[in-house]
Ligand SMILES: Cc1cc2nc3c(=O)[nH]c(=O)nc-3n(C[C@H](O)[C@H](O)[C@H](O)COP(=O)(O)OP(=O)(O)OC[C@H]3O[C@@H](n4cnc5c(N)ncnc54)[C@H](O)[C@@H]3O)c2cc1C
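Residue numbers (our numbering), protein chains in the order written: chain V, 1 to 384; chain Y, 385 to 792.
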């Protein structure tokens with residue numbers, strides 16, 4: 001039966017993440033942005049939430065719960081989206097590990113070992129509450145020694161497209177995973193020609209474009225389109241939940257402000273033009289959220305038909321969320337007038353983050369390409 | 385109809401272009417990185433002063449039969465420079481809008497003095513821009529903590545005392561005010577009169593009681609300072625009331641009329657700044673496609689070409705609306721509808737252009753050396769300043785449907 005209800009455990013996790021986001025991250029978000037990092041106590045609380053395993057399948061010791069991932073990261077994004085992206089190592093690499101675990105590449109990399117080191121990274125931070133942010137770098141060093149990677153899957157759609165969008169390129173010692181339409185490959189970042197890799201608008205993230213020469217692949221394995229689509233969609237699920245979190249946070253902030261601020265003898269949102277535009281955008285976001293929740297709620301890692309449908313729904317939600325979340329953050333800032341443009345109001349940060357998030361993690365263009373691929377397939381489960 | 389640009393204007397635009405590569409872009413990027421405005425004693429500003437740029441936006445009084453600069457054609461009735469200013473604003477902002485706005489000159493303070501000031505006032509306040517020894521600025525201050533769009537709510541009081549005016553109140557978000565020689569301040573002589581009680585005053589920087597409170601931390605356009613200031617028993621000579629007492633006896637000049645005429649002049653200029661940023665974003669995307677995409681699949685290239693062509697459309701339509709509004713002003717014709725249309729159309733579509741450019745570049749677009757992330761932040765301000773998008777909607781709708789139906 002169709003069911004829109006959310007499990008009680010997932011709701012509890014949402015409450016926990018919301019509390020952490022509002023009480024720990026948000027009040028310090030400006031400072032974190034300036035320092036390009038969180039305090040050790042915030043890091044400890046973050047890893048104590050125990051959410052890093054949420055996209056890892058049970059086979060590798062995870063809980064595999066896409067729905068919980070969506071609610072958790074929607075809440076965390078409004079606390080400090082940039083920081084979440086900086087510190088969360090395991091979530092984005094999880095779908096990769098699931099798919100490549102049983103391939104030649106997986107064997108060569110020793111996926112289980114890799115997961116362990118990623119997990120110990122977070123455990124190390126969470127166990128020792130006195131560690132400073134510098135220790136995080138030390139953790140990264142440890143990862144480096146393990147020669148484990150780096151997380152963002154590059155997106156390559158055809159052999160002709162030999163440019164890959166990727167994040168985390170600053171560490172030349174690491175390995176880049178690439179999920180193509182029908183293959184996965186790993187590369188030493190030091191072997192790659194990185195077109196651009198400097199600090200981005202989402203301050204903590206480091207993105208760039210790398211040129212892939214398949215002759216330089218460390219390891220390469222063929223995978224099915226379905227497997228590739230699964231990897232990409234799962235990353236999009238993560239990004240879409242953060243986009244939805246940002247849009248929701250920005251609109252709530254603007255609603256509070258717009259009910260108080262008087263212009264032309266009425267509250268800003270007492271002017272119907274504003275109220276209607278906001279209503280339309282919030283409704284658009286609700287549509288994305290519903291699709292994302294349904295996709296996440298029904299997604300599994302078996303890659304069967306339902307899972308593929310879930311991937312498609314998630315990708316649709318992601319593409320629409322890219323457009324809607326930026327529009328909603330933009331209109332929310334706009335509702336504050338000049339005040340929205342100043343750093344006194346956090347909505348300015350959400351605006352910047354939403355603007356940048358839409359071009360990360362699998363990228364809108366590649367998502368649209370994926371949807372094109374399925375455009376002539378019957379994806380509507382009622383019509384089939 | 386004629387789209388050609390006269391030679392003098394072309395030469396100035398080329399000069400701004402040369403200045404753009406060498407100074408505006410690097411200085412703007414530096415300010416964005418550090419969060420600190422370009423210092424007012426920067427040698428670049430002295431160079432600008434020496435070039436005579438500070439007086440270029442000042443309109444000469446109408447001479448019979450004089451031709452308008454800007455777009456060439458039969459415009460013998462005109463004698464001013466809006467079209468030229470629009471083209472310069474676009475070119476300068478292509479390189480860096482913040483650095484462009486930071487340039488010495490009367491800035492937003494110019495139009496109210498131009499449209500409301502007496503001959504003597506224009507002479508007195510503009511003369512400092514005709515010298516070439518040192519850079520000087522002016523500023524404009526309407527916005528207050530409780531009054532931005534809804535200017536009827538301004539609370540800064542002006543009370544006549546003998547042959548002086550005494551001003552009390554607080555202004556905010558006044559651009560370039562910390563370094564201005566004078567600021568045009570709007571205040572009310574009687575709050576119960578709403579807009580009819582408004583008067584415009586020139587407050588000189590060294591006047592006791594004029595105090596900069598803080599420089600704001602903005603999301604973008606960091607090359608110039610935007611600040612709040614207080615006026616505490618600030619006494620200014622009666623001659624600093626723009627237009628003089630008689631000006632306000634004419635009903636159409638009452639209070640807000642003068643400010644409105646200022647906006648009719650500045651809205652096309654500010655919108656053109658958005659066009660400049662959008663054009664720069666387009667160029668980055670185009671270059672990127674040329675460099676990076678030769679090996680890409682046919683489908684993908686076609687989709688990107690669609691996006692680029694949509695970006696071009698947004699840029700060119702926006703530019704034409706700005707030019708039309710400016711040209712009407714140059715012709716001495718009413719332009720409030722067209723100025724509001726330009727300001728309604730251009731900023732949001734120019735933001736869209738920067739977003740499309742970022743989409744084309746993907747993650748590479750987030751990188752600072754690719755500029756696009758900054759362009760998006762810079763262009764957003766244009767949807768807010770000189771009347772927000774909603775206020776432009778109001779003006780356009782009122783013109784279409786009628787003030788009696790479209791209320792505030
Ligand atoms: C970078 C920057 C530079 C600036 N420089 C200057 C300067 O040099 N001098 C100066 O005086 N000011 C300056 N400003 C201030 C600017 O002009 C105001 O911010 C702007 O007019 C909006 O006013 P506000 O911020 O008070 O917003 P508000 O007026 O409080 O508006 C809040 C929201 O309500 C909306 N709204 C208002 N009226 C209506 C309506 N009738 N119907 C529907 N919606 C409505 C607005 O569009 C906005 O979305 C600057 C602002 C910025 C951001």
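Just so it is clear, CB atoms sit at the ideal spot from N, CA and C, and this is done for glycine as well.
Contact with chain V by residue i, beta-carbon distance below 8 Å
| i | result |
| --- | --- |
| residue 670 of chain Y | no |
| residue 598 of chain Y | no |
| residue 768 of chain Y | yes |
| residue 602 of chain Y | yes |
| residue 727 of chain Y | no |
| residue 619 of chain Y | no |
| residue 393 of chain Y | no |
| residue 761 of chain Y | yes |
| residue 746 of chain Y | yes |
Residue-chain proximity (residue i, chain Y), Cβ-Cβ < 8 Å
| i | result |
| --- | --- |
| residue 253 of chain V | no |
| residue 365 of chain V | yes |
| residue 187 of chain V | no |
| residue 341 of chain V | yes |
| residue 304 of chain V | no |
| residue 33 of chain V | no |
| residue 57 of chain V | no |
| residue 326 of chain V | yes |
| residue 355 of chain V | yes |
| residue 260 of chain V | no |
Per-residue DSSP class, three states only, for residue i
| i | result |
| --- | --- |
| residue 351 of chain V | helix |
| residue 268 of chain V | helix |
| residue 674 of chain Y | helix |
| residue 489 of chain Y | strand |
| residue 468 of chain Y | helix |
| residue 328 of chain V | helix |
| residue 769 of chain Y | coil |
| residue 318 of chain V | helix |
| residue 30 of chain V | helix |
| residue 554 of chain Y | strand |
| residue 447 of chain Y | With a pLDDT of 45 at residue 447 of chain Y, under the threshold of 50, the modelled position of this residue cannot be trusted; read the value that follows with caution. Here residue 447 of chain Y sits in coil by DSSP. |
| residue 717 of chain Y | coil |
| residue 74 of chain V | helix |
| residue 53 of chain V | helix |
| residue 423 of chain Y | coil |
| residue 38 of chain V | coil |
| residue 621 of chain Y | strand |
Member of the options whose CA lies at the smallest distance from the CA of residue i
| i | options | result |
| --- | --- | --- |
| residue 239 of chain V | V:276, V:77, V:310 | V:77 |
| residue 774 of chain Y | Y:783, Y:762, Y:727, Y:785 | Y:727 |
| residue 557 of chain Y | Y:616, Y:572, Y:525, Y:781 | Y:525 |
| residue 595 of chain Y | Y:603, Y:733, Y:611, Y:745 | Y:611 |
| residue 395 of chain Y | Y:387, Y:408, Y:472 | Y:472 |
| residue 256 of chain V | V:373, V:275, V:264, V:61 | V:275 |
| residue 580 of chain Y | Y:413, Y:475, Y:544, Y:571 | Y:571 |
| residue 21 of chain V | V:4, V:359, V:72 | V:72 |
| residue 317 of chain V | V:329, V:285, V:338 | V:285 |
| residue 689 of chain Y | Y:470, Y:672, Y:601 | Y:672 |
| residue 47 of chain V | V:357, V:17, V:61, V:70 | V:17 |
| residue 9 of chain V | V:54, V:34, V:333 | V:54 |
Chain V residues whose Cβ lies nearer than 7 Å to that of residue i
| i | result |
| --- | --- |
| residue 557 of chain Y | 338 |
| residue 717 of chain Y | Ordered by position in chain V, no residue passes the 7 Å Cβ test against residue 717 of chain Y, which lies about 29 Å from the chain. |
| residue 534 of chain Y | 263, 264 |
| residue 527 of chain Y | 338 |
Contacts that residue i makes with chain Y (C-beta to C-beta distance below 9 Å)
| i | result |
| --- | --- |
| residue 274 of chain V | 774 |
| residue 4 of chain V | Those within 9 Å of residue 4 of chain V in chain Y number zero; the least Cβ separation is about 32 Å. |
Beta-carbon neighbours of residue i, restricted to chain V and to distances below 9 Å
| i | result |
| --- | --- |
| residue 743 of chain Y | 322, 358, 359, 363, 364, 365 |
| residue 792 of chain Y | 263, 264, 265, 266, 271 |
| residue 777 of chain Y | 273 |
Contact test: residue i Cβ vs ligand 2 heavy atom, cutoff 7 Å
| i | result |
| --- | --- |
| residue 533 of chain Y | Summarising the ligand content, the structure contains ligand 1 and does not contain ligand 2. |
Proximal residues of chain V, C-beta to C-beta of residue i below 8 Å
| i | result |
| --- | --- |
| residue 764 of chain Y | 330, 333, 341, 351 |
Partners in chain Y for residue i, counting only beta-carbon separations shorter than 7 Å
| i | result |
| --- | --- |
| residue 348 of chain V | 603 |
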